[in-house]
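Novice: If you read the sequences in order, they're chains A and B.
Read in order, the letters of the first sequence correspond to residues 1 to 458 in full-length UniProt numbering.
Read in order, the letters of the second sequence correspond to residues 1 to 259 in full-length UniProt numbering.
A virtual CB, placed ideally from N, CA and C, is assigned to each residue, including glycine.
Before anything else, here's the structure in question.
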Amino acid sequence: MNGFALCFVILGLGLIGWLTARARALRFDRGGRKRLHSLPAQHGWYAAAWTVLPPLLFLAVWSAISPGMVRQTILRNPAAAQLSDFAFERDSVLAQARAVAENPYAGDVDPLARRLAPLVGATRSRYAWIGTLVAALLAFAAGAYAITRIRPDFRARSQVERTLMMTLLVASLIAILTTLGIFVSLFWESLRFFGHVPITDFLFGTHWSPQVIDAKDPGASLGAVPLFWGTFFIGAVIAMLVAIPFGLMSAVYLTQYASPTTRRWMKPTLEMLAGVPTVVYGYFAALTVAPAMRQFAVLLGDPYASSESALAAGLVMGVMIIPFVSSMADDSLAAVPTAMRDGSLAMGATTSETISKVLVPAALPGVVAGVLLAVSRAIGETMIVVMAASGAATITLNPLESATTVTKQIVDLLTGEAEFDSPKTLAAFALGLTLFVITLLLNIVALRVVKKYREAYE
Amino acid sequence: MSTAFTPVSHKMSARDVSVAYGDNQAVKNVSIDIDMDKVTAFIGPSGCGKSTFLRTLNRMNDTIPSARVTGEILLDGENIYSADMDVVQLRARVGMVFQKPNPFPKSIFENVAYGPRIHGLATSRADLEAIVERSLKRAGLWEEVKDRLSDSGTALSGGQQQRLCIARAIAVDPEVILMDEPASALDPIATAKIEELIHELRGRYAIVIVTHNMQQAARVSQRTAFFHLGQLVEYGETDNIFTAPRQERTKDYITGRYG
Ligand SMILES: Nc1ncnc2c1ncn2[C@@H]1O[C@H](COP(=O)(O)OP(=O)(O)O)[C@@H](O)[C@H]1O
Ligand SMILES: [Mg+2]
């Protein structure tokens, strides 16, 4: 039986549990000797939760551990003795055997896999049946237990409340646990990488050329400083030179000058820009801005100018970030009490003096936090740089030269021919970890600044 | 009530001033004269248009899009609503203190220096420091803050903040100071200090103070104007208003019949 059908059956059992429990509670009710503590339907939900949740939990755990058990059983079988000792090869044959077991007409298969297919199929279906059976038994047992607990004074209502709360808690933990999981896996893979390459070579080395790695000294060509520089140069310098002034000016216009009607359509339009898929900006960067920048460089007297300049990627990234900065600055400007504005105007200051001398300084912490968040978005941005930035890792101050970023290199390292043990591939994880840590720090600092700033006006 | 001839001796004169917020007529045909060296109190029940009328005197109503002002207001005989009146100059001459203390989130020094800086009143740093010191002294705050001028103005107590706002207003040497319930957010001790300060400032400026506290009006003002439902009901010497009001409505109000 497949998992989907099984879930349906369990839900059906839950429905039966609900009906039975409610009927039983109603009987107590009609008996009239004693008032029920909880409504009959609440008893129903209590029984339904007991019937459905334990088997589903069991199935979740079972589906995580049963593949391992299946493999252990198969390997213990004498028929599997011919399997290679190399994990990689062995797993590939087993995967093929599994495919044949599901579809006997699958072609292009290792003969060993074809021979093992019946064994694999049988073992898998045996474990599937065990799982199904246990789940069904659990549903019956737990449901029956719940139904026997129904008494007039049984507090089904509070139990249902507690179960609901736990379910909501688990739901909210999932995002956090996933993030943690990602972090841990990045961390482990990075540790493996640092087993091959000294961490100092990686963090402080200035030569990056993963295509040619010397097996004896991989660290020599995996120095990430050029990538860090490129990321900083494109994301935190060029992009911010565009995003900060334009974002700030549009926020000032929207909060201080625009009429309510203008604001009503202009603000959502600006915010809509934030929803444009970054690949669209990528096109724009690669097909329009980059050639224009190259022409510009040629005009400036460099006939061999790169068409993958840092400037093109950075400019477009800056445009992408404008709505982000503008909306953060807008919020912090709007949070400055009108009393500040009135106080300044009443001193005889003009609107622009009021903005530049009172409102913007008062909103500055919020604006700074917005910029930090914007930087963290910009350095994590991938699509634009994949499409428009260069793969050549150079340390340069000239925006018309090519530069590469951490994200672009991660994509390059992981696409194409890749073995999962080589320093080259593992470097991607170390880069990812570095990026993760930096963005995390930026976000923490920004959120703290925002919090402090909110407190200042409470 | 109004006369075509305006004696220049009045510091400010309102002639037939009405203010509407959209359809809501908040101030109706008010005419009043305000003189130097006097404290003029506006009293009346809440919502009767005192603040609205006060804001017409330095055109702060311009910042409220729905507000429409008609009539004329003369400052030294010149209509402040005429097209060639420079609002920036007007507000430097007619300063304002708000109900809730609103120091800027800057240092105490910078708060007071704000006006002199934007109006270019100081030619040197020493000059600016002298202005700041003089203003803080006049506002009775100097002794309390002279050792911490670089602390934030928002870190002061409520009463100190309000005196800082007064210092900020007098730093540009205004001729008229408008105060909209300047003590209503303060405790009794801070209120007493503000009232004392108003006494001391009287000789240099024309002061207009809105208050809903009649004792306060009696204590600090020489003239009192009673507003009701957007109209100026009675205006005269404070002593007369409180001891022998001519209008029935004034009498009802000051005897606490309503309000
Ligand atoms: N900014 C504003 N926009 C619209 N109506 C206002 C505004 N300020 C005051 N009003 C209205 O004008 C009338 C007078 O208000 P206000 O001048 O504040 O009275 P007071 O200061 O005497 O309590 C009230 O009806 C009030 O609702
Ligand atoms: Mg008021």
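(1) Would you verify that the beta carbon of Ala179(B) is, or is not, closer than 8 Å to some beta carbon of chain A?
(2) Which full runs of the beta strand (DSSP E) of 3+ residues lie inside the segment 101–145 of chain B, going along the chain?
(3) At a CB-CB cut-off below 8 Å, which residues of chain B make contact with Met347(A)?
(4) Output needed for Lys106(B): all residues of its chain with C-beta closer than 8 Å, excluding positions within five of it in sequence on either side, in chain order.
(5) Show which residues of chain A have a CB atom less than 9 Å away from the CB atom of Val27(B).
(6) Give every residue of the same chain whose Cβ lies closer than 8 Å to the Cβ of Val17(B), excluding the five residues on either side of it in the sequence, and list them in chain order.
(7) Given Glu381(A), which residues of its chain have a CB within under 8 Å of its CB, disregarding the five upstream and five downstream residues?
(8) Is the separation between the beta-carbon of Gly219(A) and that of Gly205(A) shorter than 8 Å?
(9) In whole angstroms, give me the CA-to-CA distance for Gly47(B) and Lys267(A).
(10) Let me know the secondary structure DSSP gives Ser326(A) once reduced to three states.
(11) At what residue ranges does the segment 9–85 of chain B contain a whole run of the beta strand (DSSP E), taking only runs of 3 or more?
(12) According to DSSP, is Arg341(A) helix, strand or coil?
(13) In this structure, how does DSSP classify Asp180(B) when only helix, strand and coil are distinguished?
(14) How about Glu271(A): is its C-beta nearer than 8 Å to some C-beta of chain B?
(15) Any beta carbon of chain B sitting closer than 8 Å to that of Gly343(A)?
(16) Buried or exposed: which applies to Ala4(B), given that a residue is buried once 16 or more other Cβ atoms fall within 10 Å of its Cβ?
(17) Give the interface partners of Glu353(A) over in chain B, defined as CB-CB distance under 7 Å, in chain order.
(18) Return the chain-ordered ranges of every alpha helix (DSSP H) run that is complete within the segment 61–124 of chain A and spans a minimum of 4 residues.
(19) Where does Ser38(A) land, buried or exposed, given buried means 16+ other C-beta within 10 angstroms?
(20) Taking 5 Å as the limit, name every residue whose beta carbon sits nearer than that to some heavy atom of ligand 1, in sequence order.
(21) With a threshold of 8 Å between beta carbons, is Val88(B) in contact with chain A?
(22) For Met1(B), is the classification buried or exposed, using 16 other Cβ atoms within 10 angstroms of its Cβ as the cut-off for buried?
(23) Output the distance between the C-alpha atoms of Leu168(A) and Gly181(A), rounded to the nearest integer angstrom.
(24) Check whether chain B comes within 8 Å of Tyr350(A), counting only Cβ atoms and requiring the distance to be less than that.
(25) Tell me which residue opens and which closes the beta strand (DSSP E) that Gly236(B) is part of.
(26) Using only alpha-carbon positions, find the residue among Leu232(B), Gln161(B) and Ser66(B) that is nearest to Phe98(B).
(27) With 16 as the cutoff for other CB atoms within 10 Å, does Ser352(A) come out buried or exposed?
(28) If you measure from the CB of Glu181(B), is any heavy atom of ligand 2 nearer than 7 Å?
(29) Measuring only from the beta carbon, is Val316(A) closer than 7 Å to any heavy atom that is part of ligand 2?
(30) What is the rounded straight-line gap between the Cα of Ala310(A) and the Cα of Leu431(A)?
(31) Can you check whether the CB of Asn58(B) is closer than 8 Å to the CB of Arg91(B)?
(32) In chain B, which residues lie less than 7 Å from Ala335(A) when you measure between Cβ atoms?
(33) Enumerate, from N- to C-terminal direction, the unbroken alpha helix (DSSP H) stretches of 4 or more residues contained entirely within the segment 225–305 of chain A.
(34) Taking Cβ-Cβ distances shorter than 8 Å, what residues in chain A pair up with Phe98(B)?
(35) Taking Cβ positions, are Tyr205(B) and Pro174(B) nearer each other than 8 Å?
(36) Can you list the residues of chain A that Phe104(B) reaches, using a CB-CB cut of under 9 Å?
Specialist: In terms of the structure at hand:
(1) First, the amino acid is wrong: residue 179(B) is Met here, not Ala. Not one chain A Cβ lies under 8 Å of Met179(B).
(2) none
(3) Arg91, Ala92, Gly95, Tyr114, Gly115, Ile118, Arg168, Ala169 and Val172
(4) Tyr114, Ser152 and Gly153
(5) Listed along the chain, the chain A residues whose CB falls inside 9 Å of the CB of Val27(B) amount to none; the nearest CB is some 19 Å away.
(6) Cβ neighbours of Val17(B) beyond the five flanking positions: Val27, Asn29, Val30, Ser31, Phe53, Thr56, Val69, Thr70, Gly71, Glu72 and Ile73.
(7) Gly235, Thr278, Met317, Met320 and Thr407
(8) yes
(9) 35 Å
(10) helix
(11) 12–21, 24–34, 39–43 and 67–75
(12) In the structure shown, Arg341(A) sits in a helix (DSSP, three-state: H, G or I).
(13) Under the three-state reduction of DSSP output, Asp180(B) falls in the strand class.
(14) No, no contact with chain B.
(15) yes
(16) Annotation note: pLDDT 46 at Ala4(B) (below 50); position unreliable, coordinate value reported separately. It counts as exposed.
(17) Ile118
(18) 87–102
(19) buried
(20) Tyr21(B), Ala26(B), Ser46(B), Gly47(B), Cys48(B), Gly49(B), Lys50(B), Ser51(B), Thr52(B) and Ile64(B)
(21) yes
(22) With a pLDDT of 44 at Met1(B), under the threshold of 50, the predicted position of this residue should be treated as unreliable, though the coordinate-derived value follows. Met1(B) comes out exposed.
(23) 20 Å
(24) Reading off the sequence shown, one finds Thr at residue 350(A), where the question assumed Tyr. So yes, Thr350(A) belongs to the interface.
(25) According to the DSSP assignment, Gly236(B) belongs to the beta strand (DSSP E) that extends over Gln231 to Glu237.
(26) Gln161(B)
(27) exposed
(28) yes
(29) no
(30) 20 Å
(31) yes
(32) In chain order: nothing, as chain B lies at least about 12 Å away.
(33) 225–231, 239–252, 260–273, 278–283 and 290–299
(34) Ala339, Asp342, Gly343 and Ala346
(35) yes
(36) Met340, Gly343, Ser344, Lys357, Val358, Pro361 and Ala362
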